[in-house]
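Each remark here refers to the structure printed beneath this line.
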Amino acid sequence: MASPEFAFVCACAGPFAPPDPDGDLDDATLAAIAHRHQVVPLVVEALKRHGRPIPPALAARHDPLAPLRAAREAIRLRTLLLADGIEPIFLKGSALAMLAYGALGRRQFSDIDLLVRPVDARRAAELLENAGYRARSDTGGNPADTNLAGATLANRVARLSPLAKDMEVRHADNGQIVELHWRMTDALRERPAQDREAVQWVDLAPGAAVPTLATDALFAYICNHGAAHMWARLRWLADVAALLAREPDGGDRLWHAAVARRQGRAAASAILLARRYFGTPVPPAFAAPVSLRLRVLVALSRRVIEAGGGTTELARTHWRGWAEMTGKLLVVSSPGDLGGWCVRLLFSASDAEAERSRFWFVLHPLQRIPRLLKRRRLRQDLRRTRERA
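Numbering that gives the first Met the number 0 puts the first residue of the sequence shown at 0, with every later residue one more than the last.
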């Protein structure tokens with residue numbers, strides 16, 4: 000049975016005004032759940048609406064200026080890239096906050112996701128580097144990825160692009176994180192979104208707008224992204240519920256658009272989970288596909304969402320990276336998607352940065368899976384040692 004704190008966080012994240020909770024809530028648990036699921040602004044907003052004090056643990060995790068800083072940087076980066084002939088598309092982030100919630104501050108985010116054409120990826124990386132961005136391994140963000148420490152971002156893109164769809168960089172001074180995407184999915188061959196999807200403009204400030212996907216394409220993308228990560232954060236489900244609630248037809252258009260883009264299973268999981276956790280009405284024309292993979296996806300997503308009563312990060316569970324690989328497998332809908340999944344299984348982004356021998360693509364996968372199993376066994380041994388201590 001869900002705790003009162005988890006139930007209240009779900010009510011805050013949904014599209015309907017949450018009721019004043021009965022009784023007292025544990026401040027530490029409430030803050031941990033809201034932070035873990037990245038819905039802190041919505042919980043703070045609900046508490047203020049009901050005249051309740053903001054717990055110090057929650058206030059410490061609430062940075063109302065972070066979305067504003069990210070939006071300002073998104074505007075700057077678009078200007079920077081456009082001056083060199085590159086028109087990026089902004090995914091999620093500030094554009095989604097305005098479309099789904101009508102305000103930047105209601106959606107918790109701090110990073111920037113920008114999508115460019117594959118042919119522009121290296122040039123975009125050069126511009127980001129000139130603007131102060133560095134690979135996370137060069138700024139202390141991920142010590143594991145040190146194979147190309149000091150390499151230019153353009154060279155990293157050249158290494159990563161055959162095996163990955165994006166690269167994360169961090170500003171050396173202010174810590175702003177940007178994910179540079181050259182593909183939207185892990186599919187081996189993907190037609191650039193700029194050539195197949197409509198684009199809409201979203202005002203982030205007076206006279207400053209950024210392009211993002213049309214709402215139907217954005218909805219399908221969010222569903223694919225969330226399902227591939229087992230809906231590990233309620234924030235992604237909240238985005239889905241908010242977009243559905245703003246549709247005059249109850250979400251039928253978005254549901255049909257997701258099915259047309261072969262994202263029916265991912266969208267169905269989002270709709271079913273949003274109904275369970277938020278009470279979001281399903282689109283009138285919605286009919287859940289009869290699918291074993293859908294049932295497994297929903298069941299596993301519930302376990303991930305509710306892990307530790309909603310307080311435990313996926314990275315701290317024994318599922319870890321295996322959950323994402325399972326989620327991606329459950330939503331594949333084409334041979335290209337399956338091929339991309341196989342590549343992700345056999346190679347990782349850090350592998351892509353490793354020095355490659357002539358037979359690297361043949362020999363490396365034979366070593367990778369045993370290494371993954373060995374690493375998993377070592378983590379289990381370490382956990383048992385800590386439990387005995």
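Ideal placement from N, C-alpha and C gives every residue a C-beta, glycine not left out.
{"Query": "Using three-state DSSP, classify G308 as helix, strand or coil.", "Result": "helix"}
{"Query": "Looking only at DSSP bridge pairs, what is R133 linked to?", "Result": "R169"}
{"Query": "Cα separation between F346 and L162?", "Result": "7 Å"}
{"Query": "I need the straight-line Cα distance from R370 to R188, nearest angstrom please.", "Result": "28 Å"}
{"Query": "Taking 8 Å as the cut-off, does the segment 321 to 328 touch the segment 250 to 263 (at least 3 CB pairs, one atom from each stretch)?", "Result": "no"}
{"Query": "Let me confirm a value: G309 is counted as buried when at least 16 other C-beta atoms fall within 10 Å, else exposed. Which label applies?", "Result": "buried"}
{"Query": "Among the candidates T78, A27 and P66, whose CA atom is the shortest distance from the CA of L57?", "Result": "A27"}
{"Query": "State the start and end residues of the unbroken beta strand (DSSP E) segment that holds D26.", "Result": "Note, D26: premise wrong, no beta strand (DSSP E); alpha helix (DSSP H) at D26 to R35."}
{"Query": "Where T184 and A287 are concerned, what is the direct C-alpha to C-alpha distance, given to the nearest angstrom?", "Result": "23 Å"}
{"Query": "Using 9 Å as the threshold, is the C-beta distance between S268 and A226 below it?", "Result": "yes"}
{"Query": "One question on the structure: do W181 and R116 come within less than 9 Å of each other, judged by their Cβ atoms?", "Result": "yes"}
{"Query": "Measuring only the C-alpha atoms, how far is L299 from R319?", "Result": "13 Å"}
{"Query": "Using 9 Å as the threshold, is the C-beta distance between A96 and A102 below it?", "Result": "yes"}
{"Query": "Could you tell me which of R77, H317, D172 and L90 sits nearest to D112, measuring between CA atoms?", "Result": "L90"}
{"Query": "Locate the beta strand (DSSP E) running through W200, then write down its first and last residues.", "Result": "V198 to A204"}
{"Query": "Have a look at L114 and A130 and give me their C-alpha separation to the nearest angstrom.", "Result": "17 Å"}
{"Query": "Please work out which residues of its chain come closer than 7 Å, Cβ to Cβ, to S238, disregarding the five sequence neighbours upstream and downstream, and give them in chain order.", "Result": "Looking at the sequence shown, residue 238 is not Ser but Asp. The residues are L95, A99 and I221."}
{"Query": "Nearest to G174 by alpha carbon, out of T151, P210, A197 and Y132?", "Result": "Y132"}
{"Query": "Taking its Cβ as the centre, do 16 or more other Cβ atoms sit within 10 Å of L46, making it buried, or is it exposed?", "Result": "buried"}
{"Query": "Determine the closest residue to R106 out of D23, C11, R75 and T311, with distance taken between C-alpha atoms.", "Result": "C11"}
{"Query": "To the nearest angstrom, how far is the alpha carbon of Q379 from that of K373?", "Result": "10 Å"}
{"Query": "If you run the structure through DSSP and keep just helix, strand and coil, what is P369?", "Result": "helix"}
{"Query": "Please determine, among P14, N154, I88 and F5, the residue with the shortest C-alpha to C-alpha distance to V281.", "Result": "P14"}
{"Query": "Can you give the Cα-Cα distance for H34 and F218, rounded to whole angstroms?", "Result": "24 Å"}
{"Query": "Pick helix, strand or coil for H180, following the three-state DSSP scheme.", "Result": "strand"}
{"Query": "How should V43 be labelled, buried or exposed, when 16 other C-beta atoms within 10 angstroms of its C-beta is the threshold for buried?", "Result": "buried"}
{"Query": "Rounded C-beta distance between V39 and R71? I'm assuming under 8 Å.", "Result": "So it is not a contact: roughly 20 Å between Cβ atoms."}
{"Query": "Determine the direct distance from the alpha carbon of F285 to that of I270, and round the result to whole angstroms.", "Result": "9 Å"}
{"Query": "Buried or exposed: T279, going by 16 or more other Cβ atoms within 10 Å of its Cβ?", "Result": "buried"}
{"Query": "Can you look up D251 in the DSSP assignment and give me helix, strand or coil?", "Result": "helix"}
{"Query": "Considering only C-alpha positions, which residue in the set A124, L344, R232 and D336 is nearest to A157?", "Result": "A124"}
{"Query": "Verify the CB distance criterion: does I53 have a CB-CB separation below 9 Å to chain D?", "Result": "The chain labelled as chain D is not found in the depicted structure, where only one protein chain is given."}
{"Query": "With which residues is D112 paired in a DSSP beta bridge?", "Result": "L90 and E178"}
{"Query": "Taking D23 as the reference, which of P205, E246, L313 and R51 has the closest Cα?", "Result": "R51"}
{"Query": "If we ignore side chains and look at the alpha-carbon of each, how far apart do A273 and D248 end up?", "Result": "17 Å"}
{"Query": "Are A257 and V303 close, meaning C-beta to C-beta below 9 Å?", "Result": "no"}
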